[in-house]
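Below: one structure, written as structure tokens.
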Amino acid sequence: MTSTDQPPGAHLPEPPDFLWDNPEPKASYDVVVVGGGGHGLATAYYLAKVHGITNVAVLEKGWLAGGNMARNTTIIRSNYLWDESSGIYEHSLKLWEGLEDDLGYPILFDQRGVLNLAHSLQDVRDSVRRVNANRLNGIDAEWVDPAGVKEICPIVNTSPDVRHPVLGATYQPRAGIAKHDHVAWGYARAAHAMGVDLIQNCEVTGLETLQGRITAVRTSRGRIAAGKVALCAAGHSSVLAKMVGLRLPLASHPLQALVSELLEPVHPTVVMSNAVHVYVSQAHKGELVMGAGIDSYNGYGQRGSFHVVEEQMAAALELFPVFARAHLLRTWAGIVDVSPDASPIVGLTPVGGLYLNCGWGTGGFKATPGVGDCFAHTVANDKPHPYNEPFTLERFTTGALVDEHGAAAVAH
Amino acid sequence: MQLIPCPWCGPREEAEFHYGGQAHVAYPRDPSALSDEEWARYVFFRENPSGPFAERWSHSAGCRRWFNAVRDTRTHDLLAVYRAGEPMPEVTA
Ligand SMILES: Cc1cc2nc3c(=O)[nH]c(=O)nc-3n(C[C@H](O)[C@H](O)[C@H](O)COP(=O)(O)OP(=O)(O)OC[C@H]3O[C@@H](n4cnc5c(N)ncnc54)[C@H](O)[C@@H]3O)c2cc1C
Ligand SMILES: [Zn+2]
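Those protein sequences? They're chains A and B, same order as listed.
The numbering of the first sequence is UniProt numbering, which starts it at 1 and goes up by one.
The numbering of the second sequence is UniProt numbering, which starts it at 1 and goes up by one.
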């Protein structure tokens, strides 16, 4: 946190002046990763580091990590309900805990804990059930009453007289936030050092197949032959999959967030509320970072509706009356791909050599190291890692859904 | 805030409406004949285009009727609005 004798942000590391170069794409690669967000960069990193596959290109249509990676509220936690989700999110949280050392790069991972508030009797029951499920999976979780909430985060309004009173919360002390840009830069730098080509301003416009196998990608910078293609395009996965006639059970929606001006440290943890659609933390520099619910309609415009911001602010003010005088600095939106069971789709496709990593919806930042690791394993071995095995595309046909609407914690 | 032209009430604020997802998704004619794969397609799989999209809206805080719209998902522009049961009009994005 900012100390009072220094300007806000003075303790942050300087932005690096060199991380990667901007190579021309080669004619062919063993693996082409589509999408230079956190997931694409992490996948490339673990492909090189764990599996020794370095003839890899990450193709990004815009600038590196300028999609959802640059737009999210950076909340990291693993307190999901089902064993399948616990597996992959807790694997990820463990990797977060060692990531700074692994990458040799500061990512400002800060385990300041997360409170998920309960506002109704049903919320309370679901939350207590989730705490018990978490503990059975070896994940740190506690149920705290309103007084406990007040102790952990004194600025939360725990008065019983509000419209949606706080009846308690689940608390995961190991949860937290990280500095998203630094995470992306850390992965990019380390992947680049092992020989991965990071190619920006390179939009994939077509996927070529021969006899049911992927052979190449067509891009705004020419055709690139590919032994394997790993899709990490978040909100745009449906558009890419359609290039090989593959339909995905996904809907892309705008999701908004905003920040306040810089403030003295007032908010020591992360607070999320499923019922009133706001989640809040205080960034390393001092901005209050607040996320909203998704816009109801499908959209690719990276712009959300004003009334969603209005609801989000109303919720924030009820929970945190102290925010009433804070000025809003910036708002923005990302495009998130939401699946019917609020769980991701990670694994093989009916097309040989084409792999899917999508459907993370509103909550995939926390999965960045874990899915990068498991997805690299999937691509390298042409079979899923045990942690992503439950998250197949086939589950929508077999009915083996992983229903995480309750633990997803963002209204959708 | 976006104005949405309800075919019965005229342009009203977006907040009066409820979104219903893809339009023209017909309930299976012979449900018992469907394979698991076909059921999955019907229940879970919808178009998700970046561009014109035919979708359903309900004017829930107004006349409470459902209607269809073709909207460009990149710009949010409503290219056409038409009543349920009417065929999707030709649009140019
Ligand atoms: C407002 C907001 C708040 C969020 N808050 C949280 C949070 O607190 N915690 C959490 O865990 N998650 C959160 N998320 C979700 C999280 O950001 C995403 O799930 C995650 O970033 C998705 O993976 P990614 O980082 O690789 O995606 P992205 O960073 O979006 O990467 C995908 C990349 O693919 C590129 N691309 C797309 N199409 C093509 C193409 N044809 N050719 C080449 N490149 C292409 C895009 O430009 C983009 O850079 C939030 C998201 C938003 C929008
Ligand atoms: Zn009407």
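Note that CB positions come from ideal geometry on N, CA and C, so glycine has one too.
Sequence-distant residues of its chain with Cβ nearer than 7 angstroms to residue i (five each side left out)
i: P106 of chain A; result: P13, E100, H182
i: L47 of chain A; result: V31, I53, V56, A376, V379, A380
i: V266 of chain A; result: I155, Q282, V322
i: residue 465 of chain A; result: With chain A covering 1 to 412 only, the question about residue 465 of chain A has no answer from this structure.
i: A324 of chain A; result: L317
i: H385 of chain A; result: C374, H377, T378
i: D295 of chain A; result: H253, P254, G304, S305, V308
Best match in the options for proximity to residue i [C-alpha to C-alpha]
i: G113 of chain A; options: A:T74, A:L354, A:D30, A:L210; result: A:T74
i: P89 of chain B; options: B:G62, B:W57, B:P52, B:A61; result: B:P52
i: A54 of chain B; options: B:A80, B:C6, B:F44, B:D30; result: B:A80
i: Q256 of chain A; options: A:G235, A:Y297, A:V309, A:T209; result: A:V309
i: K383 of chain A; options: A:A233, A:L329, A:K228, A:F365; result: A:K228
i: V317 of chain A; options: A:V124, A:H277, A:A251; result: For clarity, residue 317 of chain A is Leu in the given sequence; the question names Val instead. Among A:V124, A:H277, A:A251, the Cα nearest to that of L317 of chain A is on A:H277.
i: H307 of chain A; options: B:P11, B:F17, B:W8; result: B:F17
i: G9 of chain A; options: A:A333, A:K179, A:Q172, A:N134; result: A:K179
i: D145 of chain A; options: A:S120, A:A133, A:N134; result: A:S120
i: I335 of chain A; options: A:A226, A:E389, A:S305; result: A:S305
i: D102 of chain A; options: A:P165, A:S127, A:Y29, A:G186; result: A:G186
i: Q211 of chain A; options: A:K94, A:S127, A:V351, A:E151; result: A:V351
i: A400 of chain A; options: B:D36, B:V70, B:A84; result: B:D36
i: G36 of chain A; options: A:M69, A:V131, A:P25, A:R77; result: A:M69
i: G87 of chain A; options: A:G406, A:A407, A:D403, A:Y387; result: A:Y387
i: N298 of chain A; options: B:T92, B:P87, B:P49; result: B:P49
i: residue 414 of chain A; options: A:A292, A:G148, A:S296; result: Since the first and last residues shown for chain A are 1 and 412, residue 414 of chain A lies out of range.
i: L328 of chain A; options: A:T368, A:L258, A:P390; result: A:L258
i: H24 of chain B; options: B:R74, B:D77, B:V70; result: B:V70
i: R71 of chain A; options: A:V34, A:T398, A:G245, A:F365; result: A:F365
i: V33 of chain A; options: A:H11, A:P7, A:Q6, A:K61; result: A:K61
i: A190 of chain A; options: A:F320, A:T397, A:T215, A:V50; result: A:V50
i: T215 of chain A; options: A:S28, A:A407, A:D295; result: A:S28
Neighbour list for residue i in chain B, Cβ cutoff strictly below 7 angstroms
i: T251 of chain A; result: Looking at the sequence itself, residue 251 of chain A is Ala, so the reference to Thr does not match. By Cβ distance, chain B contributes R46, N48.
i: P340 of chain A; result: F44
i: S238 of chain A; result: N48
Assumed close pair residue i, residue j - CB separation to whole angstroms, cut-off 8 angstroms
i: L59 of chain A; j: V270 of chain A; result: Going by Cβ atoms, the distance from L59 of chain A to V270 of chain A rounds to 33 angstroms, so no, they are not a contact pair.
i: K339 of chain A; j: S85 of chain A; result: Correcting the residue identity first, residue 339 of chain A is Ser in this sequence and not Lys. That pair is no contact at about 13 angstroms.
i: A169 of chain A; j: L136 of chain A; result: At roughly 20 angstroms, the Cβ-Cβ gap does not stay under 8 angstroms, so A169 of chain A and L136 of chain A are not in contact.
i: L198 of chain A; j: W20 of chain A; result: 5 angstroms
i: Q111 of chain A; j: A141 of chain A; result: So it is not a contact: roughly 14 angstroms between Cβ atoms.
i: I254 of chain A; j: Q302 of chain A; result: It is Pro, not Ile, that sits at residue 254 of chain A in the sequence shown. With 8 angstroms as the limit, P254 of chain A and Q302 of chain A qualify as a contact, their Cβ atoms being about 7 angstroms apart.
i: I224 of chain A; j: P23 of chain A; result: With a Cβ gap of about 12 angstroms, I224 of chain A and P23 of chain A do not count as contacting.
i: Y300 of chain A; j: T92 of chain B; result: About 18 angstroms separates the two Cβ atoms, so there is no contact after all.
i: E404 of chain A; j: D341 of chain A; result: 7 angstroms
Other residues of its chain near residue i: CB distance less than 8 angstroms, five sequence neighbours each side excluded
i: L356 of chain A; result: L231, S237, A241, L248, I345, V346, G347, L348, T349, L393
i: G20 of chain B; result: E55, R56, W57, S58, W66
i: C9 of chain B; result: H59, G62, C63
i: L34 of chain B; result: P28, Y42
Cβ neighbours of residue i in the same chain (closer than 6 angstroms, five flanking residues each side left out)
i: V196 of chain A; result: A44, A48, V56
i: A133 of chain A; result: L81
i: V243 of chain A; result: The displayed chain sequence assigns Met, not Val, to residue 243 of chain A. Around M243 of chain A: G206, L207.
i: G235 of chain A; result: S252, I335, V336, D337
i: H164 of chain A; result: H119, A275, V276
i: V128 of chain A; result: W143
i: R83 of chain B; result: P7, F67
i: M1 of chain A; result: Any reading at M1 of chain A needs caution, since the residue's pLDDT is 44, under 50, leaving its predicted position unreliable; the model's value is listed next. Excluding positions up to five away in sequence, the list reads P265.
i: P11 of chain B; result: L3, P5
i: G104 of chain A; result: none
i: S3 of chain A; result: Low confidence applies here, because S3 of chain A scores a pLDDT of 49, under 50, leaving its location unreliable; read the following figure in that light. Excluding sequence neighbours, S3 of chain A sits near nothing in its chain.
Partners in chain B for residue i, counting only beta-carbon separations shorter than 8 angstroms
i: H277 of chain A; result: In chain order: nothing, as chain B lies at least about 14 angstroms away.
i: S343 of chain A; result: Within chain B, no residue comes near S343 of chain A; the closest Cβ sits about 12 angstroms away, beyond 8 angstroms.
Within chain A, partners of residue i - CB distance below 7 angstroms
i: F67 of chain B; result: The premise fails here: F67 of chain B is roughly 14 angstroms from chain A at the closest Cβ pair, so nothing lies under 7 angstroms.
i: Y19 of chain B; result: S296, Y297
i: R74 of chain B; result: Y300, G301
i: A40 of chain B; result: F396, T397
i: A15 of chain B; result: H307
Closer than 9 angstroms at the beta carbon, the chain A residues around residue i
i: D36 of chain B; result: T397, T398, G399
Beta-carbon neighbours of residue i, restricted to chain B and to distances below 9 angstroms
i: H405 of chain A; result: Simply none; closest approach about 14 angstroms.
i: H51 of chain A; result: Neighbours of H51 of chain A on chain B: none; closest Cβ ~32 angstroms, over 9 angstroms.
i: R125 of chain A; result: Per Cβ cutoff of 9 angstroms: no residues; R125 of chain A is ~28 angstroms from chain B at best.
i: R247 of chain A; result: R41, F45, R46, E47, N48
| message | When you compare the stretch 365-378 of chain A with the stretch 310-317 of chain A, are there three or more beta-carbon pairs, one atom per stretch, that lie closer than 8 angstroms? | response | no
| the stretch 246-266 of chain A contacting the stretch 282-291 of chain A, beta-carbon criterion three pairs below 8 angstroms | yes
| query | Is the stretch 76-87 of chain A in contact with the stretch 206-223 of chain A, if contact means three or more CB pairs nearer than 8 angstroms? | reply | no
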